[in-house]
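Novice: One structure follows; several queries about it will come next.
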Amino acid sequence: MKEVILSLENEEESRDLFGQYDNNLKLIEASFPVKIVARGREITIRGEAGEVYRTQRLFSELLIAIRSGHILRSPDLKYAIRMIKDDPSFSLQDLVNSVIQVTPRGKQIKPKTTGQKKYVEAIRKFDIVFSIGPAGTGKTYLAMAMAISALASREISRIILVRPAVEAGEKLGFLPGDLQQKVDPYLRPLYDAIYDMMEVDRFQKYMERGIIEVAPLAFMRGRTLNDAFIILDEAQNTTPEQMKMFLTRLGFGSKAVITGDITQIDLPSDKYSGLLQARDILKGVEGIEFVHLTGKDVVRHELVQKIIRAYENYENSRKKSPPQKEVQINVK
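For what it's worth, my numbering labels the leading residue of the sequence shown as 12, then goes sequentially.
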């Protein structure tokens with residue numbers, strides 16, 4: 012058995028670390044096979060040496076984050092616990108310091124997982140980045156934040172947001188309204204992300220001046236996009252022809268981020284996804300980076316992680332199970 016004593020600097024620090032009604036301490040103790048005793052500004056950890064070391068490292072990471080002004084929330088703590096168990100090199104401080112931008116309401120936008128941090132770093136380093144992962148991993152949101160940050164620092168002169176308009180059993184021509192009203196439902200998630208990062212008046216002004224453009228993928232044909240940050244969202248629903256067309260639009264001084272979830276392809280069964288094909292064709296091409304996010308990078312409700320994991324387990328079990336033979340029953 013091993014015992015370690017950690018000292019805190021003041022009462023405020025202990026309050027932030029322990030959480031309301033000591034809920035943070037209870038969660039940590041439930042996650043590691045150790046005994047934690049908190050008295051005043053001291054924390055005593057008792058247990059097997061390896062588990063004590065991991066718990067001590069978790070507290071150290073949390074304290075560094077708190078001392079740098081980070082407000083410790085339950086999702087942050089749960090993620091830190093999971094990563095301390097899975098990744099010996101995990102650093103919560105690296106995530107805390109990776110602020111992309113601050114919204115008009117004072118909210119800091121930054122990667123919240125190690126996978127998201129690698130994604131953001133890839134966008135900074137490469138001109139074409141593919142981000143593949145399940146819903147809730149921040150693929151579109153972080154790309155949007157990086158685009159707005161690049162626009163603010165004048166690294167690019169415009170932002171172009173693109174989505175394929177998958178016809179869910181209906182032709183666009185039969186939908187009510189003019190062209191903009193027809194395609195708006197497909198582009199609404201992009202608007203939602205922008206409104207979270209920019210004042211509505213400013214966004215509308217940028218739209219009127221062409222600094223920000225939101226358009227269906229079909230509108231990209233024949234164009235050359237210079238000095239632009241281009242985001243292709245829901246790329247799993249592009250055809251191979253559309254993907255090739257999009258990728259060849261890239262001009263001088265431009266950057267493209269392509270996001271998609273290959274588990275949610277809405278194309279007809281006889282159509283192959285352009286995202287899947289691009290992954291096979293372009294893997295290893297210098298200057299292009301593929302970032303694969305997983306259920307560990309989900310930053311929505313914690314049930315979303317469980318749902319994704321359940322579906323993955325179900326799909327894996329189906330692949331391993333031999334196909335069922337049809338049994339014919341002759342009725343006389």
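Glycine is no exception: its CB is placed at the ideal position from the N, C-alpha and C atoms.
No experiment lies behind these values; they were computed from the predicted model shown.
On the three-state DSSP scale, how would you describe Glu-22?
Specialist: Position 11 of the sequence shown holds residue 22. Three-state DSSP puts Glu-22 in a helix.
Novice: Considering Cα atoms alone, identify which of Thr-235, Gln-112, Phe-214 is closest to Val-225.
Specialist: Locating residue 225 in the sequence shown gives position 214, counting from the first residue. Closest in C-alpha terms to Val-225, from the list Thr-235, Gln-112, Phe-214, comes Phe-214.
Novice: Do Ala-146 and Asp-272 come within 7 Å of each other at the CB atom, strictly closer than that value?
Specialist: Taking the first residue of the sequence shown as position 1, residue 272 is located at position 261. Taking the first residue of the sequence shown as position 1, residue 146 is located at position 135. Cβ distance < 7 Å, so Asp-272 and Ala-146 count as in contact.
Novice: From Leu-304 to Arg-169, what does the alpha carbon distance come to, in whole angstroms?
Specialist: Taking the sequence shown and counting its residues from 1, the one referred to as residue 304 is at position 293. Taking the sequence shown and counting its residues from 1, the one referred to as residue 169 is at position 158. About 27 Å.
Novice: Closest to Pro-44 by CA distance: which of Asn-35, Glu-22, Gly-61, Tyr-32 is it?
Specialist: Start at 1 with the first residue of the sequence shown, and residue 44 comes out as number 33. Closest option to Pro-44, Cα to Cα, is Gly-61.
Novice: In terms of alpha-carbon separation, which member of Met-94, Gly-144, Pro-122, Lys-96 lies closest to Arg-320?
Specialist: The residue you call residue 320 lines up with position 309 of the sequence shown. When each option's Cα is compared against that of Arg-320, the closest is Gly-144.
Novice: Taking the straight line between their C-alpha atoms, what separation do you get for Thr-250 and Ile-292?
Specialist: On the sequence shown, position 239 is the one that residue 250 refers to. On the sequence shown, position 281 is the one that residue 292 refers to. So the two alpha carbons sit approximately 14 Å from each other.
Novice: Please tell me whether Met-208 and Ile-159 are closer than 7 Å, where the distance is taken between their beta carbons.
Specialist: For the purposes of this step, residue 208 is identified with residue 197 of the sequence shown, where counting begins at 1. For the purposes of this step, residue 159 is identified with residue 148 of the sequence shown, where counting begins at 1. The answer is yes: Cβ separation under 7 Å.
Novice: By Cβ distance, which residues of its chain are closer than 6 Å to Leu-314, with the 5 residues on each side in sequence left out?
Specialist: On the sequence shown, position 303 is the one that residue 314 refers to. Result list for Leu-314: empty, nothing under 6 Å.
Novice: Please list the terminal residues of the continuous beta strand (DSSP E) segment that includes Arg-174.
Specialist: The residue you call residue 174 lines up with position 163 of the sequence shown. Counting along the chain, the beta strand (DSSP E) containing Arg-174 begins and ends at 169 to 174.
Novice: What do you get for Lys-136, buried or exposed, if any count of 16 or more other CB atoms within 10 angstroms of its CB means buried?
Specialist: Within the sequence shown, residue 136 is the residue found at index 125, counting from 1. Flag for Lys-136 reads exposed.
Novice: Quick check on Gln-112: does DSSP put it in helix, strand or coil?
Specialist: As a first step, residue 112 must be located in the sequence shown, where it is residue number 101. Strand.
Novice: Assess contact between the segment 264 to 271 and the segment 100 to 107, defined as three or more Cβ pairs (one per stretch) separated by less than 8 Å. Is contact present?
Specialist: These segments do not touch.
Novice: Please look up how many angstroms separate the CB atoms of Glu-24 and Ile-77, rounded, as I've assumed it's under 8 Å.
Specialist: Counting from one through the sequence shown, the residue named residue 24 turns up at place 13. Counting from one through the sequence shown, the residue named residue 77 turns up at place 66. Their Cβ separation, rounded to whole angstroms, is 6 Å, which keeps Glu-24 and Ile-77 in contact under 8 Å.
Novice: What is the DSSP secondary structure of Ala-76, reduced to helix, strand or coil?
Specialist: One-based indexing of the sequence shown puts residue 76 at position 65. Three-state result, Ala-76: helix.
Novice: Using only alpha-carbon positions, find the residue among Arg-52, Arg-329, Pro-86, Ile-92 that is nearest to Tyr-64.
Specialist: Within the sequence shown, residue 64 is the residue found at index 53, counting from 1. Answer by Cα proximity: Ile-92.
Novice: The beta strand (DSSP E) spanning Glu-59 covers which residue range?
Specialist: Here residue 59 is taken as the residue at index 48 of the sequence shown, counted from 1. From DSSP, Glu-59 is part of no beta strand (DSSP E); its letter is neither H nor E.
Novice: Ordered along the chain, which non-local residues of its own chain (more than five positions away) have a Cβ less than 8 Å from that of Asp-27?
Specialist: Counting from one through the sequence shown, the residue named residue 27 turns up at place 16. These residues qualify, in order along the chain: Ile-77, Ile-82, Leu-83.
Novice: With burial defined as no fewer than 16 other Cβ atoms inside 10 Å of the residue's Cβ, what is the status of Ser-79: buried or exposed?
Specialist: Here residue 79 refers to the residue found at position 68 of the sequence shown. Ser-79 should be labelled exposed.
Novice: What does the Cβ neighbour count give for Lys-150, buried or exposed, with the cut at 16 atoms within 10 Å?
Specialist: Position 139 of the sequence shown holds residue 150. Burial call: buried.
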